[in-house]
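Novice:
Residue numbers (the working numbering): 417 to 606.
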């Protein structure tokens with residue numbers, strides 16, 4: 417039941433965030449053509465998988481450096497023990513869907529679909545990618561994970577600006593969260 421509560425809470429927060437974003441941009445409609453772009457017929461799968469293959473070693477290296485800086489302090493996601501300790505298959509599936517589907521869709525719409533293009537009005541593209549990545553990392557509410565998450569955010573931003581398609585960073589983000597959860601489940605069950 418707690419996994420369903422987590423999913424429901426996340427969906428309510430996501431819907432609320434998207435509603436606030438929509439109301440904020442409504443006076444500016446129609447938006448430029450490249451905002452919130454979804455193109456099914458493009459090479460977004462290549463960009464998403466390729467971005468994942470680039471992000472993986474980069475984030476691992478930054479995480480190793482980060483571990484030395486924090487020396488094991490700083491905390492982590494409070495939902496992980498809930499997911500790892502649970503033996504309920506349905507709960508694990510719900511938690512996985514929240515992290516691997518709902519979170520990537522919502523976060524990429526907010527951070528790459530809205531924030532990144534908004535920042536490019538005031539900053540060069542590289543600056544907008546860096547700042548949106550930092551905000552993305554801080555939004556995950558884990559101070560000790562800001563550097564690795566900002567690194568992931570930079571790759572997500574690069575993939576979005578090069579592919580011009582939100583499906584690419586959504587796929588990358590989904591692969592990232594899926595891989596992270598899978599490794600935690602494997603490590604947690606051993």
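Ideal Cβ positions, reconstructed from N, Cα and C, are used throughout, including at glycine.
Since we're looking at a predicted model, the values are computed, not measured.
Quick one: any contact between the region 572-590 and the region 508-527, if contact means 3 or more CB pairs under 8 Å?
Specialist: They touch, by the three-pair rule.
Novice: Find out if the Cβ-Cβ distance for the pair residue 597, residue 512 is shorter than 7 Å.
Specialist: Contact: yes.
Novice: Mapping the DSSP letters down to three states, classify residue 459 as helix, strand or coil.
Specialist: Coil.
Novice: Does DSSP classify residue 556 as helix, strand or coil?
Specialist: Coil.
Novice: Locate the alpha helix (DSSP H) running through residue 630, then write down its first and last residues.
Specialist: Residue 630 is absent from the model: the chain starts at 417 and stops at 606.
Novice: By the three-class DSSP mapping on this structure, what secondary structure does residue 473 have?
Specialist: Helix, per DSSP.
Novice: Would you report the Cα separation of residue 426 and residue 432, rounded to the nearest angstrom?
Specialist: Roughly 10 Å between the two C-alpha positions.
Novice: Would you call the region 581-593 and the region 456-463 touching, i.e. three or more CB-CB distances under 8 Å?
Specialist: Touching, per the Cβ criterion.
Novice: Could you spell out where the alpha helix (DSSP H) holding residue 566 opens and where it closes?
Specialist: It spans 562-579 - the alpha helix (DSSP H) in which residue 566 sits, taken as one unbroken run.
Novice: Which of helix, strand or coil does DSSP assign to residue 444?
Specialist: In this structure, residue 444 counts as helix in the three-state DSSP scheme.
Novice: Does the beta-carbon of residue 454 have 16 or more other beta-carbons within 10 angstroms, so that it is buried, or is it exposed?
Specialist: By the neighbour-count rule (16 or more Cβ atoms within 10 Å), residue 454 is not buried but exposed.
Novice: Apply the 10 Å Cβ neighbour rule to residue 467 and answer buried if 16 or more other Cβ atoms are within range, or exposed otherwise.
Specialist: When all chains shown are included, residue 467 counts as buried.
Novice: Residue 451 and residue 533: beta carbons closer than 7 Å?
Specialist: Yes, the pair counts as a contact, with Cβ atoms nearer than the cut-off.
Novice: What's the gap between the Cα of residue 543 and the Cα of residue 443?
Specialist: Looking at the two C-alpha atoms, the distance is approximately 26 Å.
Novice: For residue 568, collect the residues of the same chain with a Cβ closer than 6 Å to its Cβ; drop the 5 residues on either side in sequence, then sort them by chain order.
Specialist: Once the five neighbours on either side are set aside, the close Cβ partners of residue 568 are 471 and 475.
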